[in-house]
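Some notes on the structure that comes next.
Numbering (the working numbering), first residue to last: 2 to 419.
Have a look at this one:
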């Protein structure tokens with residue numbers, strides 16, 4: 002298929018990506034300047050990366066765990082090199098915003114390949130940038146999980162192009178991001194085996210399965226002595242109890258999963274793409290395990306778009322939307338489908354998304370407030386090697402030290418260990 006170059010579409014993409022990055026770099030860095038960030042999770046990762054950059058054991062005193070005992074976020078190791086040059090938590094915030102903004106490029110490339118039209122591809126890339134999950138993930142301080150979004154999109158582009166060496170590099174980077182990524186790459190391996198290349202898919206699924214076992218039953222326990230923090234979030238008494246309840250009282254489980262707030266979570270995930278993702282169920286199924294984990298969780302953050310637990314789901318919704326629209330062979334129907342998705346995207350950005358289109362406005366703290374001035378004055382008197390116990394919101398300002406505790410630690414344990 003010959004795809005005609007569309008300079009206006011490419012200009013739209015460039016403006017949208019640049020505008021997104023500039024806005025969110027400004028917002029997130031301003032939050033840090035105004036003491037609007039928090040110990041969980043920016044402070045945790047900032048202290049951990051700072052310790053790594055000084056070749057120290059990354060035992061994070063803020064939450065009482067090794068950095069890699071919290072999650073298997075080995076992708077943070079290269080950040081330690083940057084910290085040797087730029088010693089600031091803003092490195093994490095800036096890289097996160099840039100990475101999420103650049104995710105529009107593989108989204109554009111996938112849509113270009115599937116739709117054969119750069120204007121439609123650019124429109125769907127803007128839909129990605131406007132999705133409420135993306136904006137709220139970016140504003141929730143810093144989480145390595147955010148890097149999953151552009152990596153999944155890039156991985157799927159290499160699936161579409163069948164460039165398997167680059168594909169395997171992306172899969173490896175994904176697995177280094179967090180332990181639960183293997184749930185997605187395992188399903189991705191099955192998809193690739195059935196739709197593209199059996200051997201590549203089998204290798205992906207096998208490696209993912211092995212890594213899943215190693216991460217949950219060896220790597221995490223080796224670092225924290227306990228294992229995953231997610232075990233207590235499964236209802237009805239844990240995984241075994243959940244399965245027993247599913248077999249003996251399936252209606253009760255269905256009612257639990259489709260409770261009002263969880264149902265609204267699904268609504269907020271899929272309405273921004275006008276439910277077009279459902280037209281490509283085989284693609285959407287790649288994210289079925291992460292979505293199921295969120296839907297059954299007893300921890301409310303996991304089924305709330307304002308938190309970072311949808312980072313494996315969002316990119317697959319975007320890809321499934323592109324694949325779903327590509328099923329329309331009639332050009333008029335395809336244009337109507339793209340138009341419907343764009344309209345739904347703009348409406349939901351107005352209703353729920355932290356963008357300039359939103360009817361509200363995300364709270365961005367004021368760096369010129371009296372509170373900030375008072376804190377900065379006190380901070381100047383704080384020795385760089387002092388052991389400190391401080392208020393939750395102040396931790397990311399002073400976390401470049403071997404011991405910093407969240408008050409009332411160390412006198413009374415708070416968010417300590419597992």
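Glycine included, each C-beta is placed from N, C-alpha and C at the ideal position.
Notebook entry, point to check: Which residue from 309, 40, 339, 156 puts its Cα closest to that of residue 193?
Noted result: If you number the chain shown from 1, residue 193 lands on position 192. The residue with the shortest Cα to Cα distance from residue 193 is 156.
Notebook entry, point to check: How close, in whole Å, do the beta carbons of residue 185 and residue 205 come, if the pair is a contact with beta carbons under 8 Å?
Noted result: Within the chain shown, numbered from 1, the residue matching residue 185 stands at position 184. Within the chain shown, numbered from 1, the residue matching residue 205 stands at position 204. So it is not a contact: roughly 11 Å between Cβ atoms.
Check: Out of curiosity, what's the CA-to-CA distance linking residue 25 and residue 344?
Finding: Locating residue 25 in the chain shown gives position 24, where the first residue counts as 1. Locating residue 344 in the chain shown gives position 343, where the first residue counts as 1. Taking C-alpha positions only, residue 25 is separated from residue 344 by approximately 23 Å.
Margin query: Pairs of beta-carbons, one from the segment 36-50 and one from the segment 59-71, closer than 8 Å: are there three or more?
Written below: yes
Check: So what's residue 406 in DSSP terms, helix, strand or just coil?
Finding: Within the chain shown, numbered from 1, the residue matching residue 406 stands at position 405. Looking at residue 406 - three-state DSSP - the assignment turns out to be strand.
Note to self: Which residues does DSSP list as the beta-bridge partners of residue 60?
What the structure shows: Start at 1 with the first residue of the chain shown, and residue 60 comes out as number 59. Bridge partners of residue 60: 67.
Check: For residue 379, does the count of other Cβ atoms within 10 angstroms reach 16, so buried, or fall short, so exposed?
Finding: Taking the first residue of the chain shown as 1, we reach residue 379 at position 378. So residue 379 counts as exposed.
Check: If you follow the alpha helix (DSSP H) that residue 173 is part of, which residue opens it and which one closes it?
Finding: Along the chain shown, read from residue 1 onward, the residue named residue 173 stands at position 172. It spans 165-176 - the alpha helix (DSSP H) in which residue 173 sits, taken as one unbroken run.
Notebook entry, point to check: Counting Cβ pairs, one atom from each stretch, are 3 or more of them under 8 Å apart for the segment 255-269 and the segment 102-111?
Noted result: no
Checklist line | Exposure of residue 385, with buried meaning 16 or more beta-carbon neighbours within 10 Å | finding: Counting from 1 along the chain shown, the entry for residue 385 is found at position 384. The residue is exposed, with fewer than 16 neighbouring Cβ atoms inside 10 Å.
Next item on the list: Identify every run of the alpha helix (DSSP H) within the segment 337-383, keeping only runs that are complete inside it and at least 4 residues long; order them along the chain.
Entry: 371-380
Notebook entry, point to check: If residue 312 sits next to residue 274, beta carbons under 8 Å apart, how far is it from one beta carbon to the other, in whole angstroms?
Noted result: As a working note, residue 312 is residue 311 in the chain shown. As a working note, residue 274 is residue 273 in the chain shown. Between residue 274 and residue 312 the Cβ distance is about 16 Å, and since that is not below 8 Å, they are no contact.
Next item on the list: Let me know if residue 283 comes out buried or exposed under the rule of 16 or more other beta-carbons within 10 Å of its beta-carbon.
Entry: If you number the chain shown from 1, residue 283 lands on position 282. Its Cβ having fewer than 16 others within 10 Å, residue 283 is exposed.
Next item on the list: For the alpha helix (DSSP H) holding residue 321, just list the boundary residues, first then last.
Entry: Within the chain shown, numbered from 1, the residue matching residue 321 stands at position 320. First-last of the alpha helix (DSSP H) with residue 321: 315-327.
Notebook entry, point to check: Is there contact here, the segment 283-302 with the segment 83-102, by at least three beta-carbon pairs under 8 Å?
Noted result: no
Notebook entry, point to check: According to the neighbour-count rule (16 or more other Cβ atoms, all chains shown, within 10 Å of its Cβ), is residue 3 buried or exposed?
Noted result: As a first step, residue 3 is located in the chain shown; it is residue number 2 there, counting from the start. Its Cβ having fewer than 16 others within 10 Å, residue 3 is exposed.
Notebook entry, point to check: What is the C-beta distance between residue 339 and residue 124, in whole angstroms, given that I count them as a contact (C-beta under 8 Å)?
Noted result: The residue labelled residue 339 in the question sits at position 338 within the chain shown. The residue labelled residue 124 in the question sits at position 123 within the chain shown. Right, the Cβ-Cβ distance comes to about 6 Å (below 8 Å), so this counts as a contact.
Check: Between which two residues does the beta strand (DSSP E) containing residue 390 stretch?
Finding: Numbered from its first residue, the chain shown carries residue 390 at position 389. From DSSP, the beta strand (DSSP E) with residue 390 extends over 389-391.
Item checked: When 131, 353, 370, 112 are compared against residue 161, the one with the closest alpha-carbon -> Stepping through the chain shown from its first residue, residue 161 is reached at position 160. The candidate whose alpha carbon is nearest that of residue 161 is 112.
Item checked: Touching by the beta-carbon criterion (3+ pairs, under 8 Å), the segment 39-46 and the segment 388-407 -> Contact between the segment 39-46 and the segment 388-407 is present, because at least three Cβ pairs lie under 8 Å.
Check: To the nearest whole angstrom, what separates the beta carbons of residue 315 and residue 135, a pair I think is in contact under 8 Å?
Finding: The count along the chain shown starts at 1 and reaches residue 315 at position 314. The count along the chain shown starts at 1 and reaches residue 135 at position 134. 6 Å between Cβ atoms; contact.
Next item on the list: Return the chain-ordered list of same chain residues with a C-beta closer than 7 Å to the C-beta of residue 17, the five sequence neighbours on each side being excluded.
Entry: If you number the chain shown from 1, residue 17 lands on position 16. Around residue 17: 105, 126, 127, 130.
Check: Would the beta-carbon of residue 180 fall within 8 Å of that of residue 72?
Finding: For the purposes of this step, residue 180 is taken as residue 179 along the chain shown, with counting starting at 1. For the purposes of this step, residue 72 is taken as residue 71 along the chain shown, with counting starting at 1. Yes, they are a contact pair.
Margin query: I'd like the span of the alpha helix (DSSP H) that includes residue 97, first residue to last.
Written below: The residue you call residue 97 lines up with position 96 of the chain shown. Where residue 97 is concerned, the enclosing alpha helix (DSSP H) stretches over 91-103.
Next item on the list: Report, in whole angstroms, the separation of the C-beta atoms of residue 298 and residue 234, which I expect to be a contact under 8 Å.
Entry: Here the question's residue 298 lines up with position 297 in the chain shown. Here the question's residue 234 lines up with position 233 in the chain shown. With a Cβ gap of about 5 Å, residue 298 and residue 234 count as contacting.
Item checked: Buried or exposed (CB count within 10 angstroms, at least 16 for buried), residue 144 -> Within the chain shown, the letter at position 143 stands for residue 144. Buried, since its Cβ has 16 or more Cβ neighbours within 10 Å.
Check: Which same chain residues, not among the five before or five after residue 202, have their C-beta less than 6 Å away from its C-beta?
Finding: Numbered from 1 along the chain shown, position 201 holds the residue referred to as residue 202. Excluding sequence neighbours, residue 202 sits near 190, 193, 194.
Notebook entry, point to check: In or out: residue 102 buried (at least 16 other Cβ within 10 Å) or exposed?
Noted result: Here residue 102 is taken as the residue at index 101 of the chain shown, counted from 1. That one is buried.
Check: If you draw a straight line from the alpha carbon of residue 9 to that of residue 120, how long is it in whole angstroms?
Finding: Within the chain shown, residue 9 is the residue found at index 8, counting from 1. Within the chain shown, residue 120 is the residue found at index 119, counting from 1. When rounded, the distance between both Cα atoms is 8 Å.
Next item on the list: Quick one: give me the first and last residue of the alpha helix (DSSP H) that residue 9 is part of.
Entry: As a first step, residue 9 must be located in the chain shown, where it is residue number 8. 8-34 is the extent of the alpha helix (DSSP H) around residue 9.
Next item on the list: Take residue 324 and list the residues in its own chain whose beta-carbon comes closer than 7 Å to its own, dropping the five residues that flank it on each side.
Entry: Walking along the chain shown from the start, residue 324 turns up at place 323. Taken in chain order, the residues that qualify are 115, 281, 284.
Note to self: Please return the same chain residues whose Cβ sits closer than 8 Å to the Cβ of residue 431, not counting the five positions on each side in sequence.
What the structure shows: The first residue shown for the chain is 2 and the last is 419, placing residue 431 beyond what the model contains.
Item checked: Element boundaries [alpha helix (DSSP H), containing residue 269] -> As a first step, residue 269 is located in the chain shown; it is residue number 268 there, counting from the start. 261-271 is the span of the alpha helix (DSSP H), which, as asked, contains residue 269.
Item checked: Length of the line joining the Cα atoms of residue 60 and residue 217 -> Start at 1 with the first residue of the chain shown, and residue 60 comes out as number 59. Start at 1 with the first residue of the chain shown, and residue 217 comes out as number 216. Near 19 Å, if we compare the C-alpha coordinates of residue 217 and residue 60.
Item checked: Where the alpha helix (DSSP H) through residue 198 begins and ends -> Locating residue 198 in the chain shown gives position 197, where the first residue counts as 1. Residue 198: not part of any alpha helix (DSSP H); DSSP gives it neither H nor E.
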